[in-house]
Amino acid sequence: MKILNQRDGVIAIAFLALLAVLPLFVGDSRYMLSVLMNCAGLSIIAFGVWITFTIGRINIGQAGFALIGGYTTAIVLSKLGWSFWLALPASAVVAALLGAVIGSAILKLKGIYFSMLTICLTESIRLAFLNGGDLTQGSKGITGLAQPFATDSPLPMYYLALALLAVALLITWCVHYSRLGRIFRAMRLNEDLAESFGTDVWRYRVLAFAMACGLGGLGGSYFAVFTQSVYPQSFTVEHSIYYMLFCFLGGLEYASGAMIGAFALTILFELLSEFQQYQTLVYGVLMIAVILLMPNGLMSIRARQEGVRK
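Under my numbering, the sequence shown has 193 at position 193, and the numbering climbs by one with no breaks.
Structure (structure tokens):
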């Protein structure tokens, strides 16, 4: 595990360093930076899905909490006149608290039953905002949100995205490579056995789900100011499925797997735009091929190479 820890860390730090210096080579290219900012926001939300995987739950409700984060930011900015720097953490906290309340009620379920319930949860949250009246503006959404930087350059928003990505990665790392992470993995393997050793399984389940929802709220808050708007359709069940795919493609055993998967799949989709109407088909075929050839994710390539040499 120590070797795995070091490899994962080196790859993650090198990747973040590359993203930090990339503007030196691409300049103020709005398209390039916009794609990378989108990848960073998706990674933040996907980290939350990865955390729920560590306790043995497949969470298809992450989009709902991203929507909560986005609307919380939009409402406090447009209705209450808050600063973005207050709205951002407040949105993460609101999503985490709601996640704790909801999680305490639904985390007794396992397997397909939990997953199906989180799908219903996402749709319920979307419908709540759709029918929120003047507060949420219904299907029109909340638009015209001001970005925190008074400049036309995309660079400040880009580095904000990287900073939030680094924070989310650090949280994920602290979960994975700590006593808390070991408790989560023990619960995933056998909750009854973990409880027999004195682990308060219910409390740790709720904690993991609250952390995951908080990251969803953080990512949703960022997207609200990045796109300067939020709608009931901004985050749907389809988005939740993509967050899961990012984790699978990156590698579930690696703390930075969700980030690598999010960047790889999002950039791949953009590169396939040349195929026009066949873009989605080619994307799906390539994604299936990657899953079949690398069932442990992209982060496992190095480990497989070392195994072949041995």
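The beta-carbon is built from N, C-alpha and C at its ideal position, and this holds for glycine as well.
Beta-carbon separation of residue i and residue j under 8 Å?
i: Val206; j: Leu107; result: yes
i: Ser221; j: Ala128; result: no
i: Gly251; j: Ala66; result: no
i: Ala95; j: Gly216; result: yes
i: Ile112; j: Gly64; result: no
i: Thr172; j: Trp50; result: yes
i: Tyr254; j: Met299; result: yes
For a test of the three-state rule: what should DSSP assign to residue i, helix, strand or coil?
i: Ser221; result: helix
i: Ile58; result: coil
i: Ala12; result: helix
i: Lys310; result: Annotation note: pLDDT 46 at Lys310 (below 50); position unreliable, coordinate value reported separately. It is coil, neither helix nor strand.
i: Ser43; result: helix
i: Ser273; result: helix
i: Ser229; result: strand
i: Thr151; result: coil
i: Met299; result: helix
i: Thr172; result: helix
i: Thr311; result: Because the chain is modelled from 1 through 310, residue 311 falls outside the range shown and cannot be assessed.
i: Phe184; result: helix
i: Leu19; result: helix
i: Ala210; result: helix
i: Met1; result: Because Met1 sits at a pLDDT of 44, beneath the cut-off of 50, its placement in the model cannot be relied upon, and the point is left open.
Can you check which of these residues, the options, is closest to residue i by C-alpha distance?
i: Met32; options: Phe84, Ser43, Leu19, Leu42; result: Leu19
i: Leu286; options: Phe269, Ser300, Gln276, Met299; result: Phe269
i: Val387; options: Ala289, Leu169, Val175, Ala46; result: Only positions 1 to 310 of the chain appear in the structure, and residue 387 is not among them; the question remains open.
i: Leu135; options: Ala166, Val76, Leu162; result: Val76
i: Ala264; options: Tyr242, Ala146, Val49, Glu253; result: Tyr242
i: Cys213; options: Ala40, Thr118, Pro23; result: Thr118
i: Trp82; options: Ala146, Leu165, Phe15; result: Ala146
i: Ala166; options: Met211, Leu249, Phe47, Thr72; result: Phe47
i: Lys140; options: Ala100, Ala224, Gln233; result: Gln233
i: Leu245; options: Val237, Phe197, Ala258; result: Ala258
So who's on the other strand from residue i, going by DSSP bridges?
i: Asn196; result: Before going further, note that residue 196 is Ser rather than Asn in the sequence given. Partner(s): none; Ser196 has no beta bridge.
Check: Along the chain, which unbroken stretches of the beta strand (DSSP E) at least 3 residues long are found entirely within the region 53 to 130?
Finding: none
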